[in-house]
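In our numbering, the protein residues as written are 40 to 363.
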C-alpha cells in the first residue's frame with residue numbers, strides 16, 4: 040500500500056491542491072499574472088495552520104493538553120489578514136464577523152482580488168464543536184489597481200466569482216473548491232501537511248434527495264419557502280438533520296445530497312460561495328422568493344443576509360413552483 044494511504048496507486052503520484060489549481064488555471068486562465076493561483080495557495084496554507092489550532096481547541100496551542108480557550112472567528116480573521124497583507128494578491132478582505140471591510144496599508148502591494156470569508160462557523164451551543172467550517176469567495180477588484188480596496192470592490196455580481204472554497208475541520212480536514220469547472224474535493228494529510236485530491240472525478244450532488252438540512256423550528260414556520268420545503272419533506276418522507284451550523288450542514292448536504300434551507304446566510308461570505316459550489320456540482324441555489332443566487336448583485340451593505348435554499352435542480356424547481 041502507498042504511504043499516502045489506501046487507494047493511492049504507487050506508480051502514480053497523488054495530486055496536491057496547488058498542482059490541481061495550476062492545472063485548472065492553465066486550461067482556463069483568469070488572469071495572466073498568476074495572482075489568483077498564488078492567492079489560493081496562500082488561503083490553503085492558512086487553513087493548514089487553522090486546522091492545528093482547531094485540533095488543539097486553543098488559540099495558545101499547548102501541545103499535550105486539552106485547550107481551554109476555543110479559537111474565535113476574530114483570531115482566524117487576524118491570521119488571514121497577516122497571511123495576505125504583504126503578498127500583493129488581494130486588495131481587501133470582507134469577514135463575516137468584522138463590522139468593516141479590512142484594507143491593507145498603503146505601503147504594501149495591493150493585488151487584483153477581493154476575498155470574502157466566513158472565518159469560523161460551528162454549533163454555537165458547543166464549547167468544543169466537532170465540526171468547524173470556513174468558506175471563501177474570491178472576486179476580481181473593480182477599483183483602480185495598485186491602490187487599497189474600496190467599498191466599490193464589494194459591489195459585485197455574484198455570478199462573477201472567480202473561485203469559491205469551503206474547508207471543514209472534523210475527524211478529517213477537507214477542502215472543496217471550484218473555479219467554475221467542477222467541484223473538486225481534497226483531504227489534508229496529517230504528515231505531509233498537504234491537501235491531496237480525493238478523486239479525479241468532480242463532486243456531483245446526489246439527484247435523489249433523502250434529507251433536508253436546516254433548523255427544525257424554521258422548517259415548521261409560516262414562511263412560504265419553509266412551507267414549500269416542509270411539504271416536500273412530508274411528501275417524500277425525508278429525514279431532517281441539523282448541526283446548528285450552516286457550513287457543517289452544507290458539508291453533509293454536498294456529501295449525501297438533499298435540500299438545505301438556512302435563514303440569515305451572509306450574502307457575500309456564505310450564500311455566494313455555497314451557491315457557486317452547488318451549481319458546479321449539478322444543483323441549484325435560490326433565495327426565499329425562488330430567485331437564483333448567482334443572478335444577484337451585492338448591495339451597498341456588505342453584510343446583507345438572505346434565506347438560502349440549495350438542492351438538486353428537480354427539487355429546487357418543485358420548490359419554485361410552490362412559491363409561484
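Glycine included, every Cβ here is placed at the ideal spot set by N, Cα and C.
No experiment lies behind these values; they were computed from the predicted model shown.
{"Asked": "Residue 322 - partner residues in DSSP beta bridges", "Found": "351"}
{"Asked": "Counted within 10 angstroms of its Cβ, other Cβ atoms place residue 341 as buried (16 or more) or exposed", "Found": "buried"}
{"Asked": "Coil, strand or helix - residue 288 by DSSP", "Found": "helix"}
{"Asked": "Beta carbon of residue 152 nearer than 8 Å to that of residue 184", "Found": "no"}
{"Asked": "Buried/exposed call for residue 357, threshold 16 Cβ in 10 Å", "Found": "buried"}
{"Asked": "Beta-bridge partners of residue 215, as assigned by DSSP", "Found": "205 and 224"}
{"Asked": "Spatial neighbours of residue 43 in its chain, beta-carbon cut-off 8 Å, leaving aside the 5 residues before and after", "Found": "Confidence is the limiting factor: at residue 43 the pLDDT is only 48, short of 50, which leaves the residue's position unreliable, though a coordinate-based value still follows. So the list reads 53, 228, 231 and 235, once near-sequence residues are dropped."}
{"Asked": "Helix, strand or coil at residue 243 according to DSSP, with G and I counted as helix", "Found": "coil"}
{"Asked": "Whole-angstrom distance between residue 78 and residue 259, CA atom to CA atom", "Found": "42 Å"}
{"Asked": "CA-to-CA distance, residue 304 to residue 83, given in whole angstroms", "Found": "23 Å"}
{"Asked": "Buried versus exposed call for residue 90 [16 or more other C-beta atoms within 10 Å across all chains shown]", "Found": "buried"}
{"Asked": "heavy atom of the ligand SAH below 7 Å from residue 84 C-beta", "Found": "Summarising the ligand content, the structure contains no ligands, and the ligand SAH is consequently not present."}
{"Asked": "Same chain, Cβ closer than 7 Å to residue 74, five either side skipped, listed in chain order", "Found": "128, 150, 151 and 152"}
{"Asked": "When 145, 240 and 329 are compared against residue 186, the one with the closest alpha-carbon", "Found": "145"}
{"Asked": "Three-state secondary structure assigned by DSSP to residue 160", "Found": "strand"}
{"Asked": "6 Å CB neighbourhood of residue 323 in its chain, flanking five on each side removed", "Found": "352 and 355"}
{"Asked": "Proximity winner among 110, 249 and 301, relative to residue 166 (alpha-carbon distances)", "Found": "110"}
{"Asked": "Local Cβ density within 10 Å of residue 176, reported as buried at 16 or more and exposed below that", "Found": "buried"}
{"Asked": "Sequence-distant residues of the same chain with beta carbon closer than 8 Å to residue 281, five excluded per side", "Found": "252, 253, 254, 255 and 288"}
{"Asked": "Residues that DSSP places opposite residue 120 in a beta bridge", "Found": "Beta-bridge pairing links residue 120 to no other residue."}
{"Asked": "Local Cβ density within 10 Å of residue 314, reported as buried at 16 or more and exposed below that", "Found": "buried"}
{"Asked": "For residue 169, the three-state DSSP class (helix, strand or coil)", "Found": "coil"}
{"Asked": "Closest by C-alpha distance to residue 119, when choosing among 329, 92 and 156", "Found": "156"}
{"Asked": "Alpha carbon of residue 344 to alpha carbon of residue 299, nearest angstrom", "Found": "16 Å"}
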